[in-house]
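Same order as they appear, the protein sequences are chains C and B.
Take the first sequence: its letter number 113 is residue 165 in my numbering, and every next letter is one higher.
Take the second sequence: its letter number 21 is residue 248 in my numbering, and every next letter is one higher.
Reviewing the structure listed below.
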Amino acid sequence: MVEFKSVSQLDNYIKSYLTGSEYLSDFSVTGEISQYTVSSRGHAYFTIKDPDSVMPCVMFSRYFAYVSFTPAIGTKVTVSGCMDFYAPGGKLQMQVLSMKEAGKGDLHEQYKQLFERLSKEGLFDPEHKKPLPVLPKRIGVVTSASGRVISDIVNTLRKRNPYFDLLLYPASVQGENCPPEITAGINYFNEKKNVDVIIVARGGGSYEDLFGFNDENIARAVYACEIPVISAIGHEPDYTIIDYVADLRAATPTAAAEQVMASYNDQKNMVDNLALTLDIAVNQYIGAKKSQLEMLRNHKALHTPAFYAQNQLTVIEGYRTKMKSAMEAKITKLQSDYKNMHGKLESLNPTNVLKRGYSYVSGADGKAVESASSLKKGDVIGIVFADGKATGTITDTSFDDRRSS
Amino acid sequence: MAGKIDKLSYEEALEELKQIVARLNEGKVTLDESLQFYKRGNELAAYCDKKLREVTQKISEVNKATGGEDPLNIEESEV
Numbered sequence: 053m054v055e056f057k058s059v060s061q062l063d064n065y066i067k068s069y070l071t072g073s074e075y076l077s078d079f080s081v082t083g084e085i086s087q088y089t090v091s092s093r094g095h096a097y098f099t100i101k102d103p104d105s106v107m108p109c110v111m112f113s114r115y116f117a118y119v120s121f122t123p124a125i126g127t128k129v130t131v132s133g134c135m136d137f138y139a140p141g142g143k144l145q146m147q148v149l150s151m152k153e154a155g156k157g158d159l160h161e162q163y164k165q166l167f168e169r170l171s172k173e174g175l176f177d178p179e180h181k182k183p184l185p186v187l188p189k190r191i192g193v194v195t196s197a198s199g200r201v202i203s204d205i206v207n208t209l210r211k212r213n214p215y216f217d218l219l220l221y222p223a224s225v226q227g228e229n230c231p232p233e234i235t236a237g238i239n240y241f242n243e244k245k246n247v248d249v250i251i252v253a254r255g256g257g258s259y260e261d262l263f264g265f266n267d268e269n270i271a272r273a274v275y276a277c278e279i280p281v282i283s284a285i286g287h288e289p290d291y292t293i294i295d296y297v298a299d300l301r302a303a304t305p306t307a308a309a310e311q312v313m314a315s316y317n318d319q320k321n322m323v324d325n326l327a328l329t330l331d332i333a334v335n336q337y338i339g340a341k342k343s344q345l346e347m348l349r350n351h352k353a354l355h356t357p358a359f360y361a362q363n364q365l366t367v368i369e370g371y372r373t374k375m376k377s378a379m380e381a382k383i384t385k386l387q388s389d390y391k392n393m394h395g396k397l398e399s400l401n402p403t404n405v406l407k408r409g410y411s412y413v414s415g416a417d418g419k420a421v422e423s424a425s426s427l428k429k430g431d432v433i434g435i436v437f438a439d440g441k442a443t444g445t446i447t448d449t450s451f452d453d454r455r456s457s
Numbered sequence: 228m229a230g231k232i233d234k235l236s237y238e239e240a241l242e243e244l245k246q247i248v249a250r251l252n253e254g255k256v257t258l259d260e261s262l263q264f265y266k267r268g269n270e271l272a273a274y275c276d277k278k279l280r281e282v283t284q285k286i287s288e289v290n291k292a293t294g295g296e297d298p299l300n301i302e303e304s305e306v
């Protein structure tokens with residue numbers, strides 16, 4: 053066992069060990085700046101980290117002066133230098149000789165890989181997306197309990213419609229706690245089923261700030277969630293993985309609240325419109341019946357005698373025509389009957405009998421005398437022949453019993 | 228016509244209301260039917276409206292320690 057004479061000797065040994073190390077004497081590493089201060093002398097003291105580890109760094113002013121950008125907490129940087137042991141503090145730290153902005157390089161690579169993988173697996177499929185509830189009575193929100201996001205959401209909801217309940221699940225929206233807490237919030241609501249829709253929200257921030265939402269666990273929780281999820285992370289141009297899995301992506305938290313209430317207000321309008329349409333429909337229906345009745349009532353036949361009379365005249369005219377032709381037929385028939393009868397009559401003309409040598413006696417009145425008893429002595433009679441007449445006076449009468457029998 | 232209105236879900240009531248309006252608009256119903264439809268339709272509309280207003284505004288926060296829900300105060304503001 054090695055025995056160091058003093059702490060200083062130990063520290064010195066560590067220093068020389070580090071200086072002699074092939075890897076630790078000249079290297080570069082990338083991390084996110086977490087703590088950051090610049091001393092009055094212009095030296096920069098900061099820490100860089102990844103989700104699991106932290107490394108204190110010091111950058112002396114003669115090097116720091118050459119840094120071309122202004123580092124800040126959250127900035128992703130690539131630093132080059134060597135490991136150093138700060139004996140007065142007993143602290144291992146990195147002495148940074150140069151620093152550059154890491155850019156979005158590797159984060160973006162992570163994002164792309166996750167996107168590709170989840171996309172292939174079908175987590176973004178539109179068929180899987182659920183419609184928003186028709187009547188969102190209770191709204192679950194997963195976001196930070198402090199800050200403007202929750203109050204923006206509540207106030208937007210209030211403005212749109214007073215009829216809602218809201219249940220907030222407080223969660224970190226940045227840093228390493230963000231993914232597990234957001235995931236827990238989504239799972240909480242999915243398990244309890246105590247809300248109709250979930251809004252996962254965060255206000256605007258840098259690419260790195262929002263990066264927590266590019267998380268596989270969050271994505272899977274959203275995908276598995278049976279309650280519709282609206283994502284509202286950052287501002288309009290910001291897209292994170294959760295936006296692709298969510299059933300609806302809203303540009304901002306306020307927009308998410310508006311979307312939720314849009315469906316509510318659509319329903320409200322629909323019911324109001326239907327009630328109105330019902331009134332109109334029934335009025336139109338009754339109106340139509342009324343105007344039918346009115347039309348019948350106003351019919352000319354019912355209303356103007358002249359029209360009725362005119363109508364009847366036409367009818368009568370029809371009968372008259374029929375009657376006329378019937379009469380004509382009748383007359384024609386009578387005429388022909390007459391002709392027939394006339395022929396027969398002619399054959400019975402007594403004059404013709406007279407031509408055959410008969411004659412008849414006419415009385416004083418000119419009429420034919422049919423009986424001897426109508427004559428008495430002294431009556432003047434005419435004897436009519438076929439070709440003329442003779443006049444005589446009755447001198448005697450006698451009766452023949454054959455005629456009277 | 229379907230049964231008691233308060234047994235219906237909001238969606239069912241809304242659907243029936245739509246159908247009633249459509250049938251009235253068609254005009255192929257008797258006067259008596261039309262009046263029945265109108266009465267039923269009005270009841271359905273009132274029911275839907277009631278359903279829409281059923282909720283009272285309650286804003287709360289999940290208490291992770293107790294598993295319960297605590298009221299959450301958010302100042303009303305101009306959005």
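C-beta atoms are modelled at their ideal positions from N, C-alpha and C, and glycine is treated no differently.
Quick check: the Cα distance between residue 154 (chain C) and residue 82 (chain C), rounded to an integer number of angstroms?
Answer to the nearest angstrom: the Cα atoms are 7 Å apart.
Nearest-angstrom Cβ-Cβ length linking residue 242 (chain C) and residue 277 (chain C), presumed shorter than 8 Å:
Residue 242 (chain C) to residue 277 (chain C), Cβ: 5 Å. Contact.
Touch test, the segment 187 to 197 of chain C against the segment 220 to 229 of chain C, Cβ-Cβ under 8 Å, three pairs minimum
Yes, they touch.
With distance defined between alpha-carbon atoms, name the residue in C:330, C:98, C:148 and C:240 nearest to residue 249 (chain B).
The closest CA to that of residue 249 (chain B), considering only C:330, C:98, C:148 and C:240, is found on C:330.
Are the segment 361 to 370 of chain C and the segment 274 to 294 of chain B touching by the rule of at least three beta carbon pairs closer than 8 Å?
No, the segment 361 to 370 of chain C is not in contact with the segment 274 to 294 of chain B.
Using the C-alpha atoms, what's the distance from residue 109 (chain C) back to residue 101 (chain C)?
Rounded to whole angstroms, the separation of the alpha carbons of residue 109 (chain C) and residue 101 (chain C) is 10 Å.
For residue 274 (chain C), tell me which candidate among C:431, C:292, C:65 and C:107 has the shortest Cα-Cα distance.
Comparing Cα positions, the closest option is C:292.
Boundaries (first-last residue) of the alpha helix (DSSP H) holding residue 115 (chain C):
113 to 116 is the span of the alpha helix (DSSP H), which, as asked, contains residue 115 (chain C).
If contacts are defined as beta-carbon pairs under 8 Å, then residue 301 (chain C) and residue 283 (chain C) qualify, I think. What distance do you get, rounded to the angstrom?
The beta carbons of residue 301 (chain C) and residue 283 (chain C) sit about 5 Å from each other, so the pair counts as a contact at 8 Å.
Let me check understanding here. Comparing Cα to Cα, which of C:117, C:378 and C:144 lies closest to residue 107 (chain C)?
Here the closest residue by C-alpha is C:144.
Below 7 Å CB to CB, which residues in the same chain sit around residue 61 (chain C) once its five sequence neighbours on both sides are set aside?
Counting only Cβ-Cβ distances below 7 Å, and skipping sequence neighbours, we find nothing.
Could you pull the DSSP bridge partners for residue 147 (chain C) from this structure?
As computed with DSSP, residue 147 (chain C) is found in a beta bridge with C:110 and C:134.
If the criterion is Cβ atoms closer than 9 Å, does the pair residue 274 (chain B) and residue 187 (chain C) meet it?
Cβ distance not < 9 Å, so residue 274 (chain B) and residue 187 (chain C) don't count as in contact.
Compile a chain-ordered list of the residues in the segment 239 to 254 of chain B whose CB is closer than 8 Å to at least one CB of chain C.
The segment 239 to 254 of chain B vs chain C, Cβ under 8 Å: 241, 244, 245, 247, 248, 251, 252 and 254.
Where residue 268 (chain B) falls: helix, strand or coil (DSSP)
Residue state, collapsed to three classes: helix.
Check the Cβ of residue 232 (chain B) against every Cβ in chain C and list those closer than 9 Å, keeping chain order.
Result: empty, since nearest Cβ-Cβ is about 14 Å, beyond 9 Å.
Mind pulling the beta strand (DSSP E) runs of 3 or more residues that sit fully within the segment 278 to 320 of chain C?
Runs found: 281 to 285.
Indicate the three-state DSSP secondary structure (helix, strand or coil) for residue 270 (chain C) in the structure shown.
In this structure, DSSP gives residue 270 (chain C) a helical state, which the three-state scheme calls helix.
With DSSP as the reference, please indicate the residues paired to residue 79 (chain C) in a beta bridge.
For residue 79 (chain C), which the question treats as bridged, DSSP gives the partners C:133.
Does the segment 439 to 447 of chain C come within contact of the segment 243 to 261 of chain B, defined as at least 3 CB pairs closer than 8 Å?
As far as the Cβ criterion goes, the segment 439 to 447 of chain C does not touch the segment 243 to 261 of chain B, which means the pair count is below three.
Other residues of its chain near residue 242 (chain B): CB distance less than 6 Å, five sequence neighbours each side excluded
None.
Any C-beta of chain C within less than 7 Å: which residues of the segment 284 to 299 of chain B qualify?
Going along the segment 284 to 299 of chain B in chain order, one finds 284, 285, 286, 287, 288, 289, 296 and 299 with a Cβ nearer than 7 Å to chain C.
Output yes or no for whether 9 Å exceeds the beta carbon distance between residue 159 (chain C) and residue 268 (chain C).
Not closer than 9 Å, so no.
Name the residue from C:174, C:209 and C:180 whose alpha carbon lies nearest to the alpha carbon of residue 191 (chain C).
In terms of Cα proximity to residue 191 (chain C), the closest of C:174, C:209 and C:180 is C:209.
Cβ of residue 199 (chain C) within 9 Å of Cβ of residue 255 (chain C)?
Yes, these two residues count as a Cβ contact at 9 Å.
To the nearest angstrom, how far is the alpha carbon of residue 296 (chain B) from that of residue 308 (chain C)?
Straight through space, the alpha carbons of residue 308 (chain C) and residue 296 (chain B) are spaced by roughly 23 Å.
Please report the residue range of the beta strand (DSSP E) in which residue 288 (chain B) lies.
It spans 285 to 289 - the beta strand (DSSP E) in which residue 288 (chain B) sits, taken as one unbroken run.
Bounding residues of the beta strand (DSSP E) (the contiguous stretch that carries residue 98 (chain C))
Per DSSP, residue 98 (chain C) is one residue of the beta strand (DSSP E) stretching across 96 to 101.
Where does residue 63 (chain C) sit, in a helix, a strand or coil, going by DSSP?
It is helical.
Step through the CB atoms of chain B and report whether any lies within less than 9 Å of the CB of residue 253 (chain C).
Taking 9 Å as the threshold, the shortest C-beta distance from residue 253 (chain C) to chain B does not fall below it.
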